[in-house]
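The structure under discussion appears below in the form of structure tokens.
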Amino acid sequence: MFSLFKFILTFIFCATFTNAHLAAWHDGMYCRNGPQAADDENASAPVTPLYMLPKSQWWFHHVDGCDQFPPPEGQFLELPAGKEFTVEIAANRATTTLSYDGRYMSDWVDGQPHTDAFRESTNCITDPNIHTQNETMAAGTAFAISYQSDLSKVTPDNLVVFSVRYHTPWKRLTSYSVPAALPACPPGGCICAWGWVPNGCGQPNIYHQGFRCKVTGATSFAPVATAKPPVWCEGDASKCTKGAKQMIYWNQLDGNNVQVSGNDLSGHPKSPAYNQKLGFPDGAQNDIFAPPSHGGTATTGTGSSPPPASSSGSGSGSQTSVASSASLEPITATSSVSTPEPSSSSALEPASMSTSTATTIATTVSISIKPPAAVATQAGRARAQAQAQATAMRTHTRTPIRMARAPLLPPGNAASHRIASATSIPIAAAARGSTPHHGNSALARHPVVVNNVGAQLLFFFDFFSFACQYRSTTTFIDS
Numbered sequence: 247m248f249s250l251f252k253f254i255l256t257f258i259f260c261a262t263f264t265n266a267h268l269a270a271w272h273d274g275m276y277c278r279n280g281p282q283a284a285d286d287e288n289a290s291a292p293v294t295p296l297y298m299l300p301k302s303q304w305w306f307h308h309v310d311g312c313d314q315f316p317p318p319e320g321q322f323l324e325l326p327a328g329k330e331f332t333v334e335i336a337a338n339r340a341t342t343t344l345s346y347d348g349r350y351m352s353d354w355v356d357g358q359p360h361t362d363a364f365r366e367s368t369n370c371i372t373d374p375n376i377h378t379q380n381e382t383m384a385a386g387t388a389f390a391i392s393y394q395s396d397l398s399k400v401t402p403d404n405l406v407v408f409s410v411r412y413h414t415p416w417k418r419l420t421s422y423s424v425p426a427a428l429p430a431c432p433p434g435g436c437i438c439a440w441g442w443v444p445n446g447c448g449q450p451n452i453y454h455q456g457f458r459c460k461v462t463g464a465t466s467f468a469p470v471a472t473a474k475p476p477v478w479c480e481g482d483a484s485k486c487t488k489g490a491k492q493m494i495y496w497n498q499l500d501g502n503n504v505q506v507s508g509n510d511l512s513g514h515p516k517s518p519a520y521n522q523k524l525g526f527p528d529g530a531q532n533d534i535f536a537p538p539s540h541g542g543t544a545t546t547g548t549g550s551s552p553p554p555a556s557s558s559g560s561g562s563g564s565q566t567s568v569a570s571s572a573s574l575e576p577i578t579a580t581s582s583v584s585t586p587e588p589s590s591s592s593a594l595e596p597a598s599m600s601t602s603t604a605t606t607i608a609t610t611v612s613i614s615i616k617p618p619a620a621v622a623t624q625a626g627r628a629r630a631q632a633q634a635q636a637t638a639m640r641t642h643t644r645t646p647i648r649m650a651r652a653p654l655l656p657p658g659n660a661a662s663h664r665i666a667s668a669t670s671i672p673i674a675a676a677a678r679g680s681t682p683h684h685g686n687s688a689l690a691r692h693p694v695v696v697n698n699v700g701a702q703l704l705f706f707f708d709f710f711s712f713a714c715q716y717r718s719t720t721t722f723i724d725s
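Each residue of the sequence shown is one higher than the one before, counting from 247 in the working numbering.
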């Protein structure tokens with residue numbers, strides 16, 4: 247008697263959801279128990295199709311209150327970046343692993359032990375009611391993501407389709423690929439949605455249900471672009487919407503984003519679907535990312551970054567400013583050096599003389615963003631130039647510089663010309679290695695040169711000094 251009673255209950259129970267429609271089931275879904283808090287292993291509210299409703303009713307299944315019942319705190323549909331996740335597409339929660347310990351589930355969406363006999367069917371399959379003639383004609387299903395943690399802030403523009411599975415719904419277990427570049431969600435998680443638009447074999451409705459989700463294993467900060475409505479582009483890929491696309495909203499009183507008319511290439515009435523007819527490739531949608539705006543961080547639609555760092559340094563006698571710009575110009579360095587001229591009286595000083603130089607250096611370096619190899623080359627060259635200048639030039643000094651006294655020769659002697667030429671060497675070269683370094687004082691990068699006129703004046707000064715001292719005629723020998 248008990249066995250008969252159990253059979254009758256099972257028959258009634260199965261009949262309740264066998265002819266129903268479909269939803270994607272997971273612990274991270276909204277409305278897991280139907281529009282109620284109490285557990286209901288026979289919940290079926292999310293499978294109700296949406297047709298000719300105002301947006302305020304069809305958006306995330308508000309028509310039956312499903313959007314008011316999120317999953318328990320801490321439960322998410324996890325999306326592993328670069329991998330796959332699996333949900334159960336079924337006509338009722340009872341035919342999934344979420345109810346009755348999975349006793350009423352099978353490989354099929356209605357829990358029945360179907361065979362593959364109707365895989366090649368040419369007639370609409372009504373048991374289970376999956377709105378298709380066979381697997382190859384199944385319209386396709388999709389998941390979309392919004393980087394909002396609050397469902398009330400989700401819009402068609404920020405709800406982006408990120409994964410599509412062709413030839414579904416068909417069997418219960420269905421896996422979807424996740425783009426490897428999908429960035430992590432905010433701390434409160436993201437909002438996801440599952441969608442399906444049947445291709446004929448019944449009412450041309452849509453399915454739109456919510457999930458609380460999060461991306462795991464994210465390694466990218468690529469921002470997800472703003473979604474645009476898909477367009478019919480069967481047979482002409484150039485007409486397809488490029489990049490991030492919205493979900494399909496069709497045959498509603500308002501909020502539609504797709505309009506079609508006429509027949510498709512097979513001769514059937516056009517029906518928008520998650521497949522190539524609307525430009526959706528099978529699998530992960532890897533074209534949904536927007537380029538970041540100069541070093542952006544991951545946010546839906548736009549990228550942002552802190553301003554580039556700038557630094558300025560000051561020291562005794564020197565100033566350096568560095569400006570960074572995000573252009574593809576080469577690295578350049580310009581310097582301006584001023585050195586005071588020696589006084590006119592310095593030419594009449596004796597060979598032992600005190601030289602004072604003061605140099606002001608104003609250097610402006612413009613650093614531009616280059617490809618890694620170019621940056622390394624340019625930066626290395628700039629450092630090498632700076633080091634070479636620092637080595638070749640010494641700080642402001644008052645150290646006396648002694649010049650080698652030229653032997654006195656009579657005017658017109660050929661040797662005098664050689665000596666005069668020799669005394670035209672740079673003072674800095676004569677004092678190389680003996681000039682001390684004075685901390686951060688300004689660097690004198692340009693040597694002061696004693697020209698031939700100065701050498702001749704020194705020559706005559708020494709000549710007359712010597713003549714006055716000895717008061718006699720002397721023969722000078724070139725040494």
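Each residue gets a CB set at the ideal place from its N, CA and C atoms; glycine is no exception.
1. Given a cut-off of 8 angstroms on the beta-carbon distance, is the pair Y346 and G357 in contact?
2. For E334, write down the residues that DSSP places opposite it in a beta bridge.
3. For the alpha helix (DSSP H) holding Q394, just list the boundary residues, first then last.
4. Go ahead and pull the three-state DSSP assignment for K488.
5. Taking the beta strand (DSSP E) that S302 belongs to, which residues open and close that run?
6. In chain order, what residues of the same chain lie with their CB nearer than 6 angstroms to the CB of W304, ignoring the 5 residues before and after it?
7. Here's a check: name, in chain order, each residue in its chain whose Cβ is nearer than 8 angstroms to the Cβ of C486, leaving out the five neighbours to either side.
8. Alpha carbon to alpha carbon, what distance is there between A483 and K474?
9. For P450, I'd like the list of residues in its chain whose CB is within less than 6 angstroms of its CB, leaving aside the five on either flank, ordered along the chain.
10. My understanding is that V410 touches Q492, with C-beta atoms under 8 angstroms, so please give their C-beta distance in whole angstroms.
11. Would you decide whether K460 is buried or exposed? Buried here means 16 or more other CB atoms lie within 10 Å of its CB.
12. Buried or exposed: which applies to L594, given that a residue is buried once 16 or more other Cβ atoms fall within 10 Å of its Cβ?
13. Could you spell out the range, first to last residue, of the beta strand (DSSP E) harbouring E324?
14. To which residues of the same chain is P432 closer than 7 angstroms at the C-beta, ignoring the five residues directly before and after it?
15. Of all the options C277, A327, D285, S421, which has the alpha carbon lying nearest to the alpha carbon of F306?
16. Within its chain, find whatever has a CB closer than 6 angstroms to the CB of A430; leave out the 5 residues flanking it on each side and keep chain order.
17. With distances taken Cα to Cα, identify the nearest neighbour of W354 among A336, A427, I371, D528.
18. Evaluate the contact criterion for the segment 318-325 versus the segment 283-294: three or more CB pairs, one atom per stretch, below 8 angstroms.
19. V400: which of R365, Q379, C436, T387 sits nearest, CA to CA?
20. Grouping DSSP H, G and I as helix and E and B as strand, with all else coil, what is T382?
21. In or out: N369 buried (at least 16 other Cβ within 10 Å) or exposed?
22. Assuming I452 is part of the beta strand (DSSP E), what are its boundary residues?
23. With respect to the beta strand (DSSP E) encompassing V355, which residues constitute its N-terminal and C-terminal limits?
24. What is the DSSP secondary structure of A530, reduced to helix, strand or coil?
25. Which class does L296 belong to by DSSP, given the choice of helix, strand or coil?
26. Would you mind stating whether Y422 and F331 have Cβ atoms separated by less than 8 angstroms?
27. Could you tell me the alpha carbon to alpha carbon distance between V204 and N445, rounded to whole angstroms?
28. Hey, D534 and V470: beta-carbon distance below 8 angstroms or not?
29. The beta strand (DSSP E) that contains A439, what's its start and end?
30. In three-state terms, what does DSSP make of V410?
31. Would you list the residues sitting across from T387 in a DSSP beta bridge?
32. Measuring straight from C-alpha to C-alpha, what distance separates L511 and M383?
33. Exposed or buried, which one is H514 when buried takes at least 16 other CB atoms within 10 Å?
34. For T462, which residues does DSSP report across the bridge?
35. Am I right that G386 and T414 are in contact with their C-beta atoms under 8 angstroms? What's the rounded C-beta distance?
36. What is the DSSP secondary structure of T372, counted as helix, strand or coil?
Based on what the coordinates show:
1. no
2. W271, L419
3. Premise fails: Q394 is in no alpha helix (DSSP H) and is neither H nor E.
4. coil
5. Per DSSP, S302 belongs to no beta strand (DSSP E); it is in the alpha helix (DSSP H), 301-304.
6. L296, Q498
7. P476, V477, C479, L524, G525
8. 16 angstroms
9. N497
10. About 13 angstroms; that fails the 8 angstroms criterion.
11. buried
12. Residue confidence is low: L594 scores 37 on pLDDT, short of 50, so the model does not pin down where it sits. Its coordinate-derived value is still stated next. So L594 ends up on the exposed side.
13. 323-326
14. Y393, S395
15. C277
16. V461, A464
17. A336
18. no
19. C436
20. helix
21. exposed
22. Element bounds for I452: n/a, residue is neither H nor E.
23. Unbroken run through V355: none, as it is neither H nor E.
24. strand
25. strand
26. yes
27. Because the chain spans 247 through 725 in this model, residue 204 falls outside it and cannot be assessed.
28. Inspection of the sequence shows that residue 534 is occupied by Ile rather than by Asp. Their beta carbons are under 8 angstroms apart, which means I534 touches V470 by this criterion.
29. 436-442
30. strand
31. R411, W442
32. 14 angstroms
33. exposed
34. P326
35. 6 angstroms
36. strand
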